[in-house]
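Remarks on the structure that follows.
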Amino acid sequence: MEKISDELLLSNYQAKTKQSGSSVLGKDDFLKILITQLQNQDPTNPMQDKEFISQMASFSSLEQMTNMNQTMQNFLNFQSESNLLQQSQMIGKKVTYEVESTDPNGEKKIEEKEGTVKSVLFEKGSVLLEMQDGSKITSLQVVKITDRSE
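Numbering (our numbering), first residue to last: 4 to 153.
Written out as structure tokens, the structure is:
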């Protein structure tokens, strides 16, 4: 029978946790705790099957949520890259866009401006259009797109 590694003992695990300072438990940590619990259980009163199955179900749920989180993050990254490529078609186009401003009376008003898109960039999690004058707008502000020659 294969011996369980000493690093899985609760005392060693606690020492490592204190050294690393991590407050987030991952699926590896969950498995280590479960193995330690099994290793240190009272032989005269072993863990009940229901308890063990419940903990394994919890572990399975944790692993599925971790995998789903990773998949969702990959999807969001792909969407951002895709959006950047789609918006790159706007480079060199003349656009009319809306800008919200506040007049001297403190009232908000929306005014339309025109400009030519100089570049497209990804900044702070969103795709922005950089205009020839250096201002940056989102594609949601654009109300009209025309060819520059018009």
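For glycine and all other residues, C-beta sits at the position ideal for the given N, C-alpha and C. Quantities reported herein were computed from a predicted structural model and do not represent experimental measurements.
ask   = When we look at the beta-carbon of L1 and count the other beta-carbons within 10 Å, is it buried (16 or more) or exposed?
value = Since the displayed the chain opens at 4 and closes at 153, residue 1 lies outside it and no answer follows.
task = Pick out whichever of K116, Q135 and S85 has its Cα sitting closest to the Cα of Q144.
result = Nearest to Q144 by alpha-carbon distance, out of K116, Q135 and S85, is K116.
key: In chain order, each alpha helix (DSSP H) run of at least 4 residues that lies wholly inside the segment 42-90   = 52-90
inquiry  = Whether or not the segment 60-68 and the segment 88-102 are in contact is what I'm after, with contact meaning three or more pairs of Cβ atoms, one per stretch, closer than 8 Å; do they touch?
reply    = no
query = Enumerated in chain order, which unbroken segments of the alpha helix (DSSP H) with a length of 4 residues or greater are wholly contained in the segment 95-141?
reply = none
task = For V145, write down the residues that DSSP places opposite it in a beta bridge.
result = Y100
request  = Answer with buried or exposed for Q90, where buried requires no fewer than 16 other C-beta atoms within 10 angstroms of its C-beta.
outcome  = buried
message = Quick check: what's the CA-CA separation for I140 versus M71?
response = 33 Å
request  = Figure out for me which residue from D136, N43, L37 and K111 has the closest Cα to the Cα of T119.
outcome  = D136
key: D31, DSSP secondary structure in three states   = Residue state, collapsed to three classes: helix.
query = Can the beta-carbon of G128 be found closer than 9 Å to that of S57?
reply = no
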